[in-house]
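Structure first, then comments.
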Amino acid sequence: MSHYTRPLNRQDYKTLTLAALGGALEFYDFIIFVFFAAVVGELFFPADIPEWLRQVQTFGIFAAGYLARPLGGIIMAHFGDLVGRKKMFTLSILLMALPTLAIGLLPTYASVGIVAPLLLLLMRILQGAAIGGEVPGAWVFVAEHVPEKE
Numbered sequence: 004m005s006h007y008t009r010p011l012n013r014q015d016y017k018t019l020t021l022a023a024l025g026g027a028l029e030f031y032d033f034i035i036f037v038f039f040a041a042v043v044g045e046l047f048f049p050a051d052i053p054e055w056l057r058q059v060q061t062f063g064i065f066a067a068g069y070l071a072r073p074l075g076g077i078i079m080a081h082f083g084d085l086v087g088r089k090k091m092f093t094l095s096i097l098l099m100a101l102p103t104l105a106i107g108l109l110p111t112y113a114s115v116g117i118v119a120p121l122l123l124l125l126m127r128i129l130q131g132a133a134i135g136g137e138v139p140g141a142w143v144f145v146a147e148h149v150p151e152k153e
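Letter by letter, the sequence shown follows residues 4 to 153 of the numbering used here.
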């Protein structure tokens, strides 16, 4: 018994492209954070602490983003069922973009002291929560828009 599946249309390709682009940009940010960990440590932590401790603190903030992912996934899934997956998918991309911009604009430790690493931590938690909601949301969103067996 054959089962008819429609070919991908323009909207399907647009959905797939946007979902892939959103995911790629989000993971790019995480990669950049690791690549510039030494610079981040110098800018957001006191100069008088040992280099290894700065690196531990920097990677601790990096890890906080990963630890926030499950919470973001739970929250986004819950509200995705209530208000719609597309709205939550869009929100998750926005929740990734705004903290990313904010990280680029954050003052350094030399300017505001302990507030700088705390703000960086908050932004990384928001980014992690956004990815936790975006990735599963993107999978579901794409699965709903692509014909069966495609």
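For every residue, glycine included, the Cβ atom is placed at its ideal position computed from N, Cα and C.
A quick note: this is a predicted structure, and the numbers were derived from the prediction, not measured.
- A132 places its beta carbon less than 8 Å from that of A71.
- Approximately 6 Å separates the beta-carbon atoms of Y112 and P49; this is inside 8 Å, confirming the contact.
- Taking a C-beta distance under 8 Å as the contact criterion, Q60 and P120 qualify as a contact pair.
- If you draw a straight line from the Cα of I64 to the Cα of R127, it comes to about 7 Å.
- Relative to I78, the option among Y69, A67, M91 whose CA is nearest is M91.
- A direct Cα-to-Cα measurement between P102 and W142 gives close to 23 Å.
- The three-state reading of DSSP puts A132 in helix, counting H, G and I together.
- M99 has its alpha-carbon roughly 10 Å from the corresponding atom of F30.
- For the 8 Å CB-CB criterion, I134 and L123 do not form a contact.
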